[in-house]
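Chemist: So the sequences go chain by chain: D and B.
The numbering of the first sequence is our numbering, which starts it at 11 and goes up by one.
The numbering of the second sequence is our numbering, which starts it at 5 and goes up by one.
Please read through the structure below; I'll follow up with questions.
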Amino acid sequence: APLTDTVPPQVVPGADPSARQLCFAWGPAEVLVCETLFGRAGGFRSRCLAGAGAAARALTGSVAGTGDGAPSSSRVFVVRRDQDIYIQTLRKLFNESHGIFMGLQRSEEELAGKSRKAQLVQVSKNYRSVIRACMEDMHQAAISTRDPALQGQYSTQVSILSAMELIWNLCEILFVEAATAGPLLLRLLDWVRLHVCDVDSMVREVLSSESPSKHKLFWNVVDVFVLQGRMDEARHLLSKEASANPTSMNMYKILDDLMKKMPVPSLGNTQTLTELELKWQHWHEECQRYLHDGTFASSPHMESICKILVGDEDAILEKKELMTTWYHFLVTRLLYSHPTVKPMELRFYAQSSMDLFLGGQSSPEPLDMILMAAFEFEMHQVIKECSIVLSNWWFVAHLTDLLDHCKLLQSHNLYFGSNMREFLLLEYASGLFSHHSLWQLGVDYFDHCPEYGRVYLELHIERIPLSTEQKALKVLRICEQRQMHEQVRSICKIMAMKALRNNRLGSALSWSIRAKDAAFATLISDRFLKDYCERGCFSDLDLIDNLGPSMLLSDRLTFLGKYREFHRLYGEKRFPEAARLLLTLMTAHIAPCSFWMTLLTDALPLLEQKEVIFSAEQTYELMRCLEDLTAGNPDKKKFQDDDVETTKVEMLRLALARNLARVIVKEGTVEGS
Amino acid sequence: QDNRISIWSAGDLGNAGLNGEYHGEPHLLCDIQHNGDVMDMQFLDQERIVVASSTGTVTVFRHHQNNQTLSADHRWEKAHYHVDQDTSCGGAACTGVVCNNPEIVTVGEDGRINLFRADQKDAVRTIDNADSSTLHAVTFLRTTEILTVNSIGQLKIWDLRQQRNEPSQIFSLAGDRVPLHCVDRHPNQQHIVATGGQDGMLSIWDIRQGTMPVSLLNAHEAEMWEVHFHPSDPDHLFTCSEDGSLWHWDTSTNVSEKPSFLHQGGRSTAYLSHSTINQSVVSAWLSNDPTKDRMEITNLIPNQTLSVNSLDVLGPCLVYGTDAEAIYVNRQLFA
Numbered sequence: 011a012p013l014t015d016t017v018p019p020q021v022v023p024g025a026d027p028s029a030r031q032l033c034f035a036w037g038p039a040e041v042l043v044c045e046t047l048f049g050r051a052g053g054f055r056s057r058c059l060a061g062a063g064a065a066a067r068a069l070t071g072s073v074a075g076t077g078d079g080a081p082s083s084s085r086v087f088v089v090r091r092d093q094d095i096y097i098q099t100l101r102k103l104f105n106e107s108h109g110i111f112m113g114l115q116r117s118e119e120e121l122a123g124k125s126r127k128a129q130l131v132q133v134s135k136n137y138r139s140v141i142r143a144c145m146e147d148m149h150q151a152a153i154s155t156r157d158p159a160l161q162g163q164y165s166t167q168v169s170i171l172s173a174m175e176l177i178w179n180l181c182e183i184l185f186v187e188a189a190t191a192g193p194l195l196l197r198l199l200d201w202v203r204l205h206v207c208d209v210d211s212m213v214r215e216v217l218s219s220e221s222p223s224k225h226k227l228f229w230n231v232v233d234v235f236v237l238q239g240r241m242d243e244a245r246h247l248l249s250k251e252a253s254a255n256p257t258s259m260n261m262y263k264i265l266d267d268l269m270k271k272m273p274v275p276s277l278g279n280t281q282t283l284t285e286l287e288l289k290w291q292h293w294h295e296e297c298q299r300y301l302h303d304g305t306f307a308s309s310p311h312m313e314s315i316c317k318i319l320v321g322d323e324d325a326i327l328e329k330k331e332l333m334t335t336w337y338h339f340l341v342t343r344l345l346y347s348h349p350t351v352k353p354m355e356l357r358f359y360a361q362s363s364m365d366l367f368l369g370g371q372s373s374p375e376p377l378d379m380i381l382m383a384a385f386e387f388e389m390h391q392v393i394k395e396c397s398i399v400l401s402n403w404w405f406v407a408h409l410t411d412l413l414d415h416c417k418l419l420q421s422h423n424l425y426f427g428s429n430m431r432e433f434l435l436l437e438y439a440s441g442l443f444s445h446h447s448l449w450q451l452g453v454d455y456f457d458h459c460p461e462y463g464r465v466y467l468e469l470h471i472e473r474i475p476l477s478t479e480q481k482a483l484k485v486l487r488i489c490e491q492r493q494m495h496e497q498v499r500s501i502c503k504i505m506a507m508k509a510l511r512n513n514r515l516g517s518a519l520s521w522s523i524r525a526k527d528a529a530f531a532t533l534i535s536d537r538f539l540k541d542y543c544e545r546g547c548f549s550d551l552d553l554i555d556n557l558g559p560s561m562l563l564s565d566r567l568t569f570l571g572k573y574r575e576f577h578r579l580y581g582e583k584r585f586p587e588a589a590r591l592l593l594t595l596m597t598a599h600i601a602p603c604s605f606w607m608t609l610l611t612d613a614l615p616l617l618e619q620k621e622v623i624f625s626a627e628q629t630y631e632l633m634r635c636l637e638d639l640t641a642g643n644p645d646k647k648k649f650q651d652d653d654v655e656t657t658k659v660e661m662l663r664l665a666l667a668r669n670l671a672r673v674i675v676k677e678g679t680v681e682g683s
Numbered sequence: 005q006d007n008r009i010s011i012w013s014a015g016d017l018g019n020a021g022l023n024g025e026y027h028g029e030p031h032l033l034c035d036i037q038h039n040g041d042v043m044d045m046q047f048l049d050q051e052r053i054v055v056a057s058s059t060g061t062v063t064v065f066r067h068h069q070n071n072q073t074l075s076a077d078h079r080w081e082k083a084h085y086h087v088d089q090d091t092s093c094g095g096a097a098c099t100g101v102v103c104n105n106p107e108i109v110t111v112g113e114d115g116r117i118n119l120f121r122a123d124q125k126d127a128v129r130t131i132d133n134a135d136s137s138t139l140h141a142v143t144f145l146r147t148t149e150i151l152t153v154n155s156i157g158q159l160k161i162w163d164l165r166q167q168r169n170e171p172s173q174i175f176s177l178a179g180d181r182v183p184l185h186c187v188d189r190h191p192n193q194q195h196i197v198a199t200g201g202q203d204g205m206l207s208i209w210d211i212r213q214g215t216m217p218v219s220l221l222n223a224h225e226a227e228m229w230e231v232h233f234h235p236s237d238p239d240h241l242f243t244c245s246e247d248g249s250l251w252h253w254d255t256s257t258n259v260s261e262k263p264s265f266l267h268q269g270g271r272s273t274a275y276l277s278h279s280t281i282n283q284s285v286v287s288a289w290l291s292n293d294p295t296k297d298r299m300e301i302t303n304l305i306p307n308q309t310l311s312v313n314s315l316d317v318l319g320p321c322l323v324y325g326t327d328a329e330a331i332y333v334n335r336q337l338f339a
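Next up, the structure:
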């Protein structure tokens, strides 16, 4: 059986707990195990190294970091789960089920009673059809691959998916739909017919042969139909036998009649349970009479069929090979001994069926235990067993979520403070986050975990590798939609820094604007100004000229924009405006002090113009600025030793003085004359 | 990571179902491994496809229709890269590609514009540092002019005949410099350009006049990834977004004047009619005022969840892909 095969011993190769004490630390997608300096007094079995909860994962260990040459060298192991999420064909399962999950979370809670139940049943059916579609794909992959290892892996996956669908289907019947006595049996019959398919090939073989009644497996097929309650098909086959064998015509007619008259529960409200029981009692007695009268004595096959009809357990058990599983046996038993079985009575029949069927020869497997728990209506047990046996959280997370929506799970708090549904969803979504693209699905799952979802999301989202800008944009959008401002700032800073290092100043600015990061904008502006000082011209004019309102993000940026404007005005020979701007830059303290010298030097050509540009007021302002600049650094060696600087200052003083002289004369002169 | 370029057959056009969507699932014809994320791709001609990669490489694939295989015809490695400095941080993705056989223009995160010719080993022309920010998309304005959009909200026209490495014109949004992610030009009226921004806003520009958009339409709630005019019926525009929706913008007015989309070929039939119809078609995008009831906007996705990253439209067919790893084909767009 597939589910037992996937429980390997959980050993980290190379780690020897009998020699050293081991310690471990959890990471987002892996566990770090390392050897400590301490020896081990007694040994312990190395089985316990898997994480809490789910087991059945093949652990791969790799040694990271070597020892330091001392006799007892320490090693660190990186233990990573072989994730099912990397199986290509399962991606469809994850993506489609995400869509169904979201639909369920958003569905109308106001619908009550029957319509709500119908809606939930539909959701359950959708999940199952996705599992089946995946099974089909996996099956195709298994057939078409030539690599035997891969083929084995795919085949295993197919059986696992098939088992999952079996369990889910049963849970749908018992929990979601909560079928009542009557329809319950019909649903269980459908369930068996759908899932016990080992006999399908035999059935096909017989039906397609030229004269089926002569086929050696003919009676087997008839038995199969009877065991599965497929009366019409059984009767159809029997009629072939009857026409081929006229001597048994009498027996055939009676048997056919019995089979035709068999009362079965109906889905509509055409009869009540009591009516059905009465009818069934009558029919049952009639069958028994025929049996006791020895009507079918001459045909052992027909007699055994009649015995099945009266619900003779031994007769049914004889056909073990055709039923293949104990739950088929259970349903057949119920069909022929208690068709009006109530849901709560199932557990007794289930337990005895399993015991009778296995007969002490084989012990129940995990799948059997899960189904048994379901028949006993122990939902938590079902979920717990599935968690242990399956290799990823997909199944239990989605099933539990559905059951929670059916209001079937009492929220008993787990050790971690959240309830079971949330715990499972968190585990599942965390697993998704270690995948390079399925993490997007994980976000939505976290959103629907009210207690810890947000915290988990905050921790995980910062660790997604941002290989392209587009990926960063997607992550940012997710953070912004959830008001995760810390993460927005952090991601934008990372991207801006990368851009800056690659000399993409425009990109860097774009990221700072998105994060409204004034400090970084200042950094970028300083970079531009530095470039200007070194080269004497601006780089990336297309950016600086078109800053727009983003200029206001940081003072330095504003200065950069205005400074560039000054240069433009100067280039367009609009000197008075340029002069005014230049002055404002200094007096309004928009310019950083370090830049004042440059600005004053820029003022020189304006002072030297033929036409007087600066007014007296303005000239006084300029002089004051110059004095502020030079007075503020009396002991700065730079000013005294640096000849260029002192020359500049002197030239400025001279130019300012000359300008002052001219402007006083000009302003003193009467205008207009 | 296993990224692949795949060719699918979307089934017979002759089979009309109840609604064009689910009839005959698309099935995979062939595929080939691709290095890096596929950022953009376009058909160069009937057989060749140009693909832009997140590694900065541009590849030309050839689809052999006789035996249904794909092969890599030609590759320009490092078409986009960051200048090697001591602290060069990672590669630069090629973000957009546009073809006009045999010319191919690509743009990337490095702010570089490349002009390639199919089958020529080296780039015909490269404009380094064309932009100080990331160039997100490119499209042809005329055969010798291209339009680019960047992450500081600028739309630039480049004249490839000129040797100088400056754009011939720069347009920008008023207000905040929201990054622009996609651009498309009206198929018939070459002065009408549509762009989509990071805030989901659709902007229509008339590049004959002004430096600012003619209209700004509040569309999506998140980045608009692609915008496309319908090639034969340009009264229809399609946009898709990170918020998971795909909008169909319909400015065709009343039925009698509506040019039938079944007419193939570039010219809209409206030009044949008298001036009033001409007037309404010409100004449909430029003077639109949604309150005047001349524009119908429909969201084509009923249950939106994850981002719609890309779309394309041709005739009655619409195809789009989502982050839920699904491709949708709608073959009865105007039914």
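Note that the Cβ used here is the ideal one computed from N, Cα and C, for glycine as well.
Predicted model only: the values in this text are computed from it and were never measured.
Taking the beta strand (DSSP E) that S447 (chain D) belongs to, which residues open and close that run?
Modeler: Segment: none, S447 (chain D) is in no beta strand (DSSP E) and carries neither H nor E.
Chemist: Indicate whether the contact test is met: 3 or more Cβ pairs, each with one atom in the region 201-208 of chain D and one in the region 273-293 of chain D, closer than 8 angstroms.
Modeler: Output reads no: the region 273-293 of chain D does not touch the region 201-208 of chain D.
Chemist: Please report the distance separating the alpha-carbon of L662 (chain D) from that of L610 (chain D).
Modeler: Those two C-alpha atoms are separated by around 8 angstroms.
Chemist: List the residues that DSSP assigns as beta-bridge partners of R8 (chain B).
Modeler: In DSSP, R8 (chain B) forms a bridge with B:Q37.
Chemist: Which of the residues in the region 108-132 of chain B, read from start to end, lie with their CB under 9 angstroms from any CB of chain D?
Modeler: Hits within the stretch, in order: E113, D114, G115.
Chemist: Would you call the CB atoms of L194 (chain D) and P353 (chain D) closer than 7 angstroms?
Modeler: Closer than 7 angstroms, so yes.
Chemist: Could you work out which residue in D:R357, D:T335, D:I326 is closest to L345 (chain D) when comparing CA atoms only?
Modeler: Out of D:R357, D:T335, D:I326, D:I326 has the C-alpha closest to the C-alpha of L345 (chain D).
Chemist: Give the single residue among D:G304, D:A598, D:L413, D:F387 whose Cα lies nearest to the Cα of S134 (chain D).
Modeler: The residue with the shortest Cα to Cα distance from S134 (chain D) is D:L413.
Chemist: Who are the Cβ neighbours of S549 (chain D) in its own chain at under 6 angstroms, not counting the five residues just before and after it?
Modeler: Same-chain partners within the cutoff: D541.
Chemist: Once the 5 residues before and after V317 (chain B) are set aside, which same chain residues still bring their CB inside 6 angstroms of it?
Modeler: Once the five neighbours on either side are set aside, the close Cβ partners of V317 (chain B) are H232, H234, F242.
Chemist: At 7 angstroms on the CB atoms, spell out the chain D contacts of L310 (chain B), in chain order.
Modeler: The contacting residues are Q450.
Chemist: Is the CB of T7 (chain D) under 7 angstroms away from at least one CB in chain B?
Modeler: This structure cannot settle anything about residue 7 (chain D), because the visible part of chain D is limited to 11 through 683.
Chemist: Can you give the beta carbon distance from L184 (chain B) to G200 (chain B), rounded, assuming they're within the 8 angstroms contact cut?
Modeler: Going by Cβ atoms, the distance from L184 (chain B) to G200 (chain B) rounds to 7 angstroms, so yes, they are a contact pair.
Chemist: According to DSSP, is H495 (chain D) part of a helix, a strand, or is it coil?
Modeler: In this structure, H495 (chain D) counts as helix in the three-state DSSP scheme.
Chemist: Count the other CB atoms within 10 Å of the CB of C103 (chain B); is the residue buried (16 or more) or exposed (fewer)?
Modeler: Under this definition C103 (chain B) is a buried residue.
Chemist: Are S520 (chain D) and F530 (chain D) close, meaning C-beta to C-beta below 7 angstroms?
Modeler: No, Cβ-Cβ distance for S520 (chain D) and F530 (chain D) is not below 7 angstroms.
Chemist: What did DSSP end up calling V142 (chain B) once you bin it into helix, strand or coil?
Modeler: The answer is strand: DSSP assigns V142 (chain B) an E or B state.
Chemist: Please name the residue, chosen from D:L579, D:G546, D:K572, D:R545, that lies closest to I554 (chain D) on a Cα-to-Cα basis.
Modeler: Ranking D:L579, D:G546, D:K572, D:R545 by Cα distance to I554 (chain D) puts D:K572 first.
Chemist: First and last residue of the alpha helix (DSSP H) that includes A116 (chain B)?
Modeler: In the sequence on display, residue 116 (chain B) carries Arg and not Ala. Where R116 (chain B) is concerned, there is no enclosing alpha helix (DSSP H), given that its DSSP letter is neither H nor E.
Chemist: Starting from Q158 (chain B), find everything on chain D with Cβ-Cβ shorter than 8 angstroms and list it in chain order.
Modeler: The contacting residues are D552, N556.
Chemist: For E227 (chain B), go through chain D and note every residue whose CB falls closer than 7 angstroms to its CB, in chain order.
Modeler: By Cβ distance, chain D contributes L483, R487.
Chemist: When the Cα of K160 (chain B) is compared with those of B:T326, B:G115, B:C321, which residue comes out closest?
Modeler: K160 (chain B) has its Cα closest to that of B:G115, out of B:T326, B:G115, B:C321.
Chemist: If you run the structure through DSSP and keep just helix, strand and coil, what is F387 (chain D)?
Modeler: The answer is coil: DSSP assigns F387 (chain D) none of H, G, I, E or B.
Chemist: Are the C-beta of G109 (chain D) and some C-beta of chain B separated by less than 7 angstroms?
Modeler: At least one chain B Cβ lies under 7 angstroms of G109 (chain D).
Chemist: Closest to L400 (chain D) by C-alpha separation, out of D:K271, D:T629, D:V622, D:M174, would be which residue?
Modeler: For the residues D:K271, D:T629, D:V622, D:M174, the minimum Cα distance to L400 (chain D) belongs to D:M174.
Chemist: Please classify V680 (chain D) as buried or exposed, where buried requires at least 16 other C-beta atoms within 10 Å of its C-beta.
Modeler: It is exposed - the Cβ of V680 (chain D) has fewer than 16 other Cβ atoms within 10 Å.
Chemist: Does the Cβ-Cβ distance between V186 (chain D) and C33 (chain D) come in under 7 angstroms?
Modeler: The answer is no: Cβ separation not under 7 angstroms.
Chemist: Give me the Cα-Cα distance between R487 (chain D) and A226 (chain B), rounded to the nearest whole angstrom.
Modeler: Using only the alpha carbons, I get a separation of about 7 angstroms.
Chemist: For a test of the three-state rule: what should DSSP assign to M272 (chain D), helix, strand or coil?
Modeler: In this structure, M272 (chain D) counts as coil in the three-state DSSP scheme.
Chemist: Compare the C-alpha of Q50 (chain B) against each of B:D210, B:T59, B:S58, B:H68 and name the closest.
Modeler: Selected option, being the one with the closest Cα: B:H68.
Chemist: Which residue from D:L632, D:T657, D:L670 puts its Cα closest to that of E621 (chain D)?
Modeler: Checking every option, the nearest Cα to that of E621 (chain D) belongs to D:L670.
Chemist: Between the beta-carbon of L567 (chain D) and the beta-carbon of S517 (chain D), is there less than 7 angstroms?
Modeler: Cβ atoms of L567 (chain D) and S517 (chain D): not closer than 7 angstroms.
Chemist: Let me see if you follow: with CB-CB separation under 7 angstroms, is L515 (chain D) close to chain B or not?
Modeler: L515 (chain D) counts as touching chain B.
Chemist: In terms of DSSP beta bridges, what is W521 (chain D) paired with?
Modeler: Paired residues: none, contrary to the question.
Chemist: In chain B, which residues lie with their C-beta within 7 angstroms of the C-beta of L467 (chain D)?
Modeler: Those do not exist, as L467 (chain D) stays about 16 angstroms from chain B at its closest Cβ, beyond 7 angstroms.
Chemist: Please check if any C-beta of chain D sits within less than 7 angstroms of the C-beta of A83 (chain B).
Modeler: For A83 (chain B), the answer is no, since every Cβ of chain D falls outside 7 angstroms of its Cβ.
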